[in-house]
Structure formats: C-alpha cells, structure tokens
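Residue numbers (my numbering): 736 to 1563. Beta carbons: idealized from backbone N, C-alpha and C, even for Gly. If you're wondering where the values come from, they're calculated on a predicted model, not measured in any experiment. Right, one structure below, let's go through it.
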C-alpha cells in the first residue's frame, strides 16, 4: 500500500468513525477508530513523520465512546494517552482538550472531586491559550461538579460565568448547556419557576441550532413533576424519549423510558409504567448503563409492591441489588437507589424489616462516598439532603420496629459523622479527637455516659419531633410530637425573627462580622467611617402569632418531655440543625413562665462531644490565666472599622479579672497565638466570621501597607495547630449589624471548633445584641464566675435571671446567650 492509498484509507475511515460517533453507535465507532490508529501508524512508517496531533483527537474520541458504553477503564486509559502525547509535544490545545475529556470519567463514577481537579487545570490552560470556548466549558462543568458535591454557592458562581462568556463570544451551543445546567441547579434548589425559565430559554436555543435537547426535556419533565403537573411532565418525558430514538442515542432513550415510567407510576398508570420501565431495563442491559438499570428496577419494585405482587417485586429487588453491587461509582447512586427501594418496602409493602435492612446498606454507601472524597468536599456533601435522609429514614424504620435505642444510635451516628468532618476538615482539626463510630460502639458510648443532669437528644424524623430523655440511672425514655403546619423549619426561623421584631425599639450594635471585608461592593457614602451600625428596626406588632412565638416554640420543643425535667436544676439539650438557634431559656409555658425560671440550660452538639469532654484527663486544662482580646487595630484591613464598644467591653472585663487586655495594635495574630495556649479563660471581642471560622486581629507591624490575609486573620486551623487548654472561651464577635439571625452551623460551628481544639466549653450569642446590653451582661457574668465562684452554667443562669427581672432589659437582650459544652468553674 503506497502513501496515497493510505491517506485515502485514513480519510474514509475517519469519516465513517465520525459518522458512527455522531449517530451514537459507539461500538462501531470504537472499531473504526482502532483501524484508524493502525493506518496512522502505517502513515508514520511511510513518511517518518509523527501524526501526534491526529492521534490526540482519536484518543479523545475513543475516551468518549468507551465512556458511553460504560467501559470506564478504557475511557480513562485513552484520555491519559491523549494527555501524555499533548504534554510531550507541548500542544497546549491538545492538553486542554484532554483534561476536559479526562474529567468525564470521574463524573460518571460520582468522583466529582477528581473531576474538579482536571477542570481547574483545563480552566487555567484555557486562559493561557485564550480559548474562550473551552473557558466557558470549564466554568460550566465546574459549576455542575460543585453542585453535585453539595456546594451550591460555588455552582452559582461558575455557571453564570459560563453563560455570560458564551453569550459574549456567540457560542450558542455552550450557551444552551449553561442554561440547561443552571435550570437543573435551580431545580435541585427547589426554585422551580426559575428552573423552568432557564430550561425554556435553553430549549429555544436548542431548536435554533438543531441540538437534541434530550437533557433539557428530561429536566423540564422533572420540574413539572415536582409541581404535581403530571400531564405536562409526561408530555416532556415522551418527547425526550421520541427524540432520543430519532438520533439513535440508546443511553438517552433508556433514561427517558425510566423517567417516563416513574412518572406514570405516580399517577397509577401501572400498565404503561411497567411497559416503559421494562424497556428501560432492557436498554440499560444492552448498553451497560447501570444507573438506568437501577432506576428501572427500583421503580418496578415499587409498582409490584403496590399491586400486591410480592414475588415480582422480589425478582426486581434482586436485579436492583445486583446492579447496585456492580456499579463502579460507589456512593451517591447506590445510596439513592437503596433509599428509594427502602421507602417502597415501607410505604407500599409495609415491610419495615426489609426497609430497615435496605436503608442500612444505603447508609453504608453514603459513608463510602464521603470517605473516598478529598477532605474539603466531605462536609458539603454530608449536608446534602440524601446524605441526611439516609440516617433519618433508618431511624424511622427502627422506631417502627420498636428499636428505640438503636434509633438513637443511628441519629447520633449521622450527627457525630458530620460533626467529625466539620471539625477535622472545615477547620483542619485532627479527626482523632472525634472518632467516627458505628452503631455498636455508639450503643456502648450511650451506656457509658455519666451525668447527674437530664440529657435530651432532639431530632426531626419524617413529620415527628422525637426526644430521647436520658436519666441518671441510664434509663431511656422516648417522647414524640407530630409536627404541626406551623412548625416547619422556615416558620421556626420566622418566629425567631419575630421575637426580635416585636420588642418595640431601636438597638445600637457594632457590626462585628466580617461581611464588609468579604463584600465586593464598596460602602455607601453615608456609611463610610460609620463604625457603629444601626441594627434592625424593631417595630410595633399586634400580630397574635408573633406575640405567641415563645409559647409555640415551648409547645414544640419542651412540652413533650416537660414532666421528665420537673425539679431538675439543669438540663442538657442536644438539638438538631435549626433547633440550635432556638432561644431555649426564653421559651414560655402555658403559665407564661420562662424555661430559664425553672432550670439551667446547656447545649451539647452530640453525644460524641459529651463523651470526648468526659474522657479528657483531669489535669489537661489550664487552671490559671486569662486572655482578653478587644478591638484589634484594623485600620489597614480593607473595609473594616474599629469597634469602640468591643474595646470598652474587653477593658472592663480585664479590669474585673485584674489582667491586661490585648487592645488595638497589641492584638496581633502572633501575640494572640502565643498567649492562647496556656490560659484558663479566653474572651474575644472582635470582628469574626463563624461560617469561615475566622477572627480578625491586628496586622503585623512588619506586613505591607495593604497586608495579606494571613498577616491578620486568625483561623480555626491556626488554633488547632497550637492547641488550647482553656476551660472556657467567650466569643463576643461575629455579630452582624444587618439584623439577621445567623445560621445554626455558623455560631455553633465555631464553638464546636474551639471545643475540638481543646476548649472545654464555649459561651456564644445566637444573634446580634445591643452593645450596652452585651457589656452589662458580660460584666455581670464574669462577676458571678470570678467573684462569686459560680460555675459557667450557674453564672449564665444568674446573669439571665438578673436581666430578665430588670425593667431595663427585654427578652432579646438575654435570650440568645448559650453555653455549649461542659459546665466549668474557674479559679482566677
């Protein structure tokens, strides 16, 4: 064969291979691409010139073809070959294309953390080469990957960038993709109207450029299904099914069949649903598309259980379990499939034991998924709904089976795992302090807890508030209360806001948050230099529901077990999620008596935390010394103002304790870290951010005029590295003058981080406070703590009592103070 014949053969083979790729006939495409590689080798031998750039394209096409048939190993191998050649010949464009292809394999396997690594390299190369199209593509897939890891904020940053850049360069194909995934993101966040708007824009572009639009149609089907508009949903799924058949895309056809079958089952059109689901299963088997097989089998189980056909249901359950076991993408897909399967057995078949066994496997896959991820993604994924639901569902099945103690173990297992990841990963605190335990060791842990207090573990399972009350005899009593429509999470948050809104006066509060530092928008002229920020305006409210908020919260969270805490000096509450923001001390019973009039209240993040504190050696914590930090000099930190009220607060506390406070320019990051390791008490009144786990100190004198962040920002990682031995940390920071109650994970998160770094207890405030009220409270608290030698819990209780009984203060002045961790005494 001479050179001319070889070239002609290459051109023909390349055309045929492209045709089979375009028509989604991947097996045929793979064979012709293999032939093409052989021909290219012959060309190289005849001409003595390498065809590297051509081979890069061939390997990238093979990457996609193998991916489509589910051969992930071959797909990854070909992508790496393309990348290897690109690097060898210095082909930046080829390297860029290879990274974009290489990210697809981990995406299919659910390893979005690895995909992000490749995409970040692709984004960097696209900027270096000036390839705006690939830059837009990188933004798009970075957004999708971050969303699938539970990082919605990052997704919302990347996807609009992709959309904006695509519009600027006139890339309609990429504009359609960005709109499609934005629509999917809004759908996942429950913003259905915004989702439909973006998807309809994408569909319009798809019609203009002649793309398949199958994914758009499926998303629209899901959107209308979530709205309960099943006829419209079915119509979109049917269109997606028809289009996928027309373009010979078997994988898309199978998935459209599965979605259509699931939707038909919701409207009880079981015969049609079974027909489409069986077709989906058949296609999934022929294409090797495991997710389609899993979806179809699980849906078929639910239908046959609903029809009372137990044998058929068992047959499809066996197939579903086999697919789940074979699925290489260990994690989210399997966990979700098992979650749905367990729900089917519970709801349709009423078989709680089957549901319980299956949901146990769902937890295992959920934990496997997180354990394989890079550390910085573990927490966000753990906060995703399905990773929370797996524990809650399992609790529900255990309770239905009468296994109350095991249910408590499962609830703690979910909470302790997230806690451990929060502390060890988000704040870089060693995980060994929070050993993640299984249910057997958790049961042992619960049996080993020693306390003379009433321990109340709180959780929301399905539509029920559950309370496990532990007594001194290690007896376990469970109480439950069905949630009322008024007790949804959003309404609880509204009620907390109303507690502030009904107090009928203005407050003055310094903005001790870091929001101004992280805000890209400049301050308005009126705000410039205004170091004291006006708080929210508290207006008159005659709304009976507002005035009843504290009673309603009492009925929700205290009434179910009120008889079990009568006569107790102190109760220790272990709340869940948004419950952390409930001002328990201010809740009122039917006789208008506040809970803080009846007993002292302390908060513990989890039973694991309590055990950690109990097992700490008696001589571990310092018994002397106090570090008081107030109003660091932030004149060189962009957009932050001084905090005169924080300075006065710190100075008066230091005088009371007869110590010197670190004020202004003295409060450098280095000086704080030097002193923080060997004191008994730490009090910080400064700018802080609870979500990020940061506190702003004075920049080093030797740092540049505009200092780097690491020159002044004290992080939880810094504190973890040096370790602290304080018995008590008081955080008089992180308050925002913008009038919003902070998220639970914020203020509680930073308290947890201090506990994991060595502190025995932390005093925090749940929301912003009037500056004078804050100072008055702190002076009273430290007087009881140091002069009267009361414990931290007793000092808090007496300070709240003094403010509660005084006409100078209102509920919002004393209600937000919370002690998290152990009750300690100081000998200063």
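In the three-state scheme derived from DSSP, where H, G and I count as helix and E and B as strand, residue 1216 is classed as strand. For residue 993, the CB contacts under 6 Å within the same chain, skipping 5 residues up- and downstream, are 1015, 1027, 1030, 1031 in chain order. In this structure residue 1360 is in contact with residue 1415, their Cβ atoms being roughly 5 Å apart against a cut-off of 8 Å. In this structure, the straight-line span from the alpha carbon of residue 768 to that of residue 908 is close to 26 Å. With contacts defined by Cβ atoms closer than 7 Å, residue 1309 and residue 1192 form a contacting pair.
Taking residue 897 as reference, the option from 886, 910, 905 with the minimal CA-CA separation is 910. Inclusion of residue 1417 and residue 1362 in the CB contact set at 7 Å is warranted, their separation being smaller than that value. A distance below 7 Å between beta-carbons, with the five flanking residues on each side excluded, links residue 1390 to no residue of its chain.
In terms of Cβ geometry, residue 1139 and residue 1213 form a close pair [threshold 7 Å]. Looking at the DSSP output, residue 1465 sits in a beta bridge with 1418, 1498. Between residue 1018 and residue 985, the CB-CB gap stays under 7 Å. Membership of residue 1306 in the beta strand (DSSP E) is indicated by the continuous run 1305-1309. Fully contained in the stretch 1322-1400 are the following beta strand (DSSP E) runs of length 3 or more, in chain order: 1335-1338, 1361-1367, 1397-1399. Under the DSSP definition of a beta bridge, residue 1201 partners with 1194, 1215. Annotation for residue 1249: 1422, 1424 place their beta carbon closer than 6 Å to its own, counting only its chain and skipping 5 residues before and after. In the DSSP assignment, residue 1430 falls within the beta strand (DSSP E) that extends over 1429-1431.
Taking every protein chain shown into account, the CB of residue 1353 has fewer than 16 other CB atoms within 10 angstroms, so this residue is exposed. Secondary structure at residue 1554: strand, using DSSP grouped into helix, strand and coil. Between residue 1497 and residue 1527, the CB-CB gap reaches or exceeds 7 Å. When secondary structure is reduced to three states using DSSP, residue 1189 falls in the strand class. By the beta-carbon neighbour count (other beta carbons within 10 angstroms, threshold 16), residue 995 is buried. For the pair residue 817 and residue 791, the CB atoms are nearer than the 7 Å cut-off.
Assigned with DSSP and collapsed to three states, residue 1403 falls in strand.
Residues of the same chain with a CB within less than 8 Å of the CB of residue 1412, apart from the 5 flanking positions on each side, are 1457, 1458, 1459, 1460 in chain order. Under the three-state reduction of DSSP, residue 1450 is assigned to strand.
In this structure, 1515 is the residue among 1515, 1305, 1003 with its C-alpha nearest to the C-alpha of residue 1541. Taking a contact to require three or more Cβ pairs closer than 8 Å, the stretch 741-756 and the stretch 969-979 do not qualify as touching.
Considering only 1099, 1098, 1080, the residue with the shortest C-alpha distance to residue 1090 is 1080.
Spatial neighbours of residue 1464 in its own chain (CB-CB distance under 6 Å, excluding positions within 5 residues in sequence) are listed in chain order as 1417, 1489, 1494, 1497. Leaving aside the five residues that flank residue 904 on each side, the residues in its chain whose CB is nearer than 8 Å to its CB run, in chain order, 867, 868, 871.
Across the structure, residue 1060 and residue 804 are spaced so that their CA atoms are roughly 18 Å apart. Per DSSP, residue 1244 lies in no alpha helix (DSSP H); the unbroken beta strand (DSSP E) holding it starts and ends at 1243-1245. Along the stretch 827-851, the beta strand (DSSP E) does not occur as any fully enclosed run of 3 or more residues. Within the same chain, Cβ atoms closer than 7 Å to the Cβ of residue 1348 are found at 1495, 1556, 1557, the five residues on either side in sequence being excluded.
With fewer than 16 other beta carbons inside 10 angstroms of its own, residue 1439 counts as exposed. From the listed residues 1039, 982, 1024, 1025, the smallest Cα separation to residue 1010 is found for 1039.
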